[in-house]
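Only one structure is covered here, and it is reproduced in the block below.
Written out as structure tokens, the structure is:
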């Protein structure tokens, strides 16, 4: 297992090293100019790779497709070494996913002709055609290209939904839907959970579209309200949508889905929902209800980047220390992913600062998980959420030097992130840097196994880490570092650990 860990880390290090070399073809600004083939050739001649990907696995060809580059430019890139037709990119998608997503019929047809896999599923289980439908592509020509290539129009996807159901939230004029009906689908189709075309359409909150479906006698279920509360990736729905569903369509405001969630669960983690949350509270929706994972709306609100919903719910909720099935409380979630303001609000209400999850991890562990390196303009900020949260917790009596149930200290937890700035933030907590966890590893041992360079190792030594301590297998940090392929491949000397 140790060997495979070293190999994985080495691969990540190699990828990161190549990604750090600036490539103009990976710059979004380059693609905003709609460059022709000659412009791309000129950049390749300067040494810019036409097949390289950025840190999120969007490669040059994907950027070209997603920025609506000329078709000739896209075809040229597809001919370059390293850009095979079924190459895996972001979210395990192939180029056919992206061309379909952009509604680019010519590129879709070109890729299919080149043998692209029309049934290939990405990491979310979406094929190119279902990805296009769920992304709002309203272009029958795209779907026709896939049908001609052999896709069964009536095929059911991940949850039993067909293309009509997937695409209908974005189909304002029912152009796609009417086309799909000619291919054997129906406005009366439902998925495996009984969700109807009306329910699916509720996701975008388009009241005019919903009325058209009612005119077509399309049925609805209570799930329409919950799907509307989910919204789509880019937007949340307005209060008018919810009033229409509750007051005109007569859907129960207290409805729950198969996960045990009511609308408050789905709204609590979104920003700018005050008016809508108040509306549903006035309709008797329970603010204390736990879903099947044990999460209440308060727990979800606490982990949001906007503390407004948390402030709304705090006066109503009876128990601030309720824990979900993982043992996480609202305060746990606030520390892990919420704002310092949320942490302060809960502590001032008496939330338990010594809460532990089911694995015996305290809030110090979640503080480490909350750390995010500052990016761009964040670097200029005078306030540090990590330090602010740490002080709030310490002021209420949390001992950040205490080990977790498995003996790991916050140093052990931080080492995994390979971020020296994070590790330095722990220095003032008084943690025993030489403490061993249940696997008989010190922080130095763990760093020796996972480090990509010598910075963290040398820092740990500078604050008192003892290099002579051995593991239960009598291994020193030096011995572990010698097996670390990331260090070996980068020619990092580790003799200082002897």
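Residue numbers (mature numbering (1 follows the signal peptide of the UniProt record, and there is no 0)): -19 to -1, 1 to 479.
Built from N, CA and C at the ideal position, the CB exists for glycine as well.
(request) Would you grab the beta carbon distance between residue 433 and residue 399 for me? Rounded to a whole angstrom, and I think it's under 8 Å. (result) 6 Å
(request) Count the other CB atoms, across all protein chains shown, that sit within 10 Å of the CB of residue 494; report buried if there are 16 or more and exposed otherwise. (result) Outside the shown range of the chain (-19 to 479) lies residue 494, about which nothing can therefore be said.
(request) Taking residue 132 and residue 89 to be in contact with their CB atoms under 8 Å, please state how far apart those CB atoms are, rounded to whole angstroms. (result) Going by Cβ atoms, the distance from residue 132 to residue 89 rounds to 12 Å, so no, they are not a contact pair.
(request) Mind listing, in chain order, the continuous alpha helix (DSSP H) runs of no fewer than 4 residues lying wholly within the segment 239 to 294? (result) 244 to 248, 255 to 263, 278 to 283 and 289 to 294
(request) Alpha carbon to alpha carbon, how far is residue 302 from residue 281? Give it in angstroms, no decimals. (result) 13 Å
(message) Just to confirm my understanding: we take residue 98, look at its own chain, exclude 5 residues before and 5 after, and list those with CB closer than 6 Å. What are they?
(response) 67
(message) Count Cβ pairs between the segment 109 to 123 and the segment 152 to 170 that sit closer than 8 Å; are there 3 or more?
(response) yes
(request) Spell out the partners DSSP gives residue 80 in its beta bridges. (result) Beta-bridge pairing links residue 80 to no other residue.
(message) Under DSSP, the alpha helix (DSSP H) around residue 317 begins and ends at which residues?
(response) 311 to 318
(request) Evaluate residue 87 with the Cβ neighbour count: other Cβ atoms within 10 Å of its Cβ, from every protein chain shown; 16 or more gives buried, anything less gives exposed. (result) exposed
(message) Closest to residue 95 by C-alpha separation, out of 43, 69, 185 and 130, would be which residue?
(response) 130
(request) Whole angstroms is fine: what's the gap from residue 174's alpha carbon to residue 140's? (result) 8 Å
(message) Can you tell me whether residue 72 is helix, strand or coil according to DSSP?
(response) helix
(message) Taking the alpha carbon of residue 71 as the reference point, which residue from 397, 43 and 85 has its own alpha carbon closest?
(response) 43
(request) Using the Cα positions of residue 464 and residue 431, report the straight-line distance between them to the nearest angstrom. (result) 10 Å
(message) Need the endpoints of the alpha helix (DSSP H) that residue 566 sits in, please.
(response) The structure shown does not extend to residue 566, since the chain is modelled only from -19 through 479, so no value can be given for it.
(message) Since residue 416 and residue 366 should fall inside the 8 Å C-beta cutoff, what is the C-beta to C-beta distance between them, to a whole number of angstroms?
(response) Contact doesn't hold; Cβ gap of about 26 Å is too wide.
(request) Helix, strand or coil for residue 34, going by three-state DSSP, please let me know. (result) strand
(message) Rounded to whole angstroms, what is the Cα-Cα separation between residue 309 and residue 25?
(response) 51 Å
(request) Compare the C-alpha of residue 467 against each of 450, 452, 429 and 22 and name the closest. (result) 429
(request) Name, in chain order, the residues that DSSP records as bridge partners for residue 518. (result) No statement about residue 518 is possible, as the shown extent of the chain runs from -19 to 479 and does not include it.
(request) In angstroms with no decimal places, state the Cα-to-Cα distance between residue -13 and residue 427. (result) For residue -13, the predicted structure reports a pLDDT of 37, less than 50, and the residue's modelled location is therefore unreliable. The matter cannot be settled from this model.
(message) On the DSSP letters alone, give me the boundaries of the alpha helix (DSSP H) that residue 376 sits inside.
(response) 366 to 376
(message) Can you give me the C-alpha to C-alpha distance between residue 226 and residue 270, rounded to a whole angstrom?
(response) 22 Å
(request) Using beta-carbon positions only, say whether residue 474 and residue 420 come within less than 9 Å of one another. (result) no
(message) Run through the DSSP bridge pairs and tell me what residue 170 is partnered with.
(response) DSSP lists no partner for residue 170.
(request) May I have the straight-line CA-CA distance separating residue 322 from residue 375, to the nearest angstrom? (result) 15 Å
(request) Confirm, please, whether the CB-CB distance from residue 298 to residue 328 is below 9 Å. (result) no
(message) Taking the alpha helix (DSSP H) that residue 324 belongs to, which residues open and close that run?
(response) 321 to 329
(request) Within its chain, find whatever has a CB closer than 6 Å to the CB of residue 476; leave out the 5 residues flanking it on each side and keep chain order. (result) none
(message) Just verifying my parser: in three-state terms, what is the DSSP assignment at residue 229?
(response) helix
(request) Kindly indicate which residue of 364, 85, 285 and 152 has the alpha-carbon position closest to the one of residue 48. (result) 85
(request) Sort 290, 61 and 349 by Cα distance to residue 252 and report the nearest one. (result) 290
(request) Look at the alpha carbon of residue 236 and the alpha carbon of residue 190, and state the distance between them as a whole number of angstroms. (result) 22 Å
(request) With a threshold of 16 other CB atoms inside 10 Å of the CB of residue 215, please say whether the residue is buried or exposed. (result) exposed
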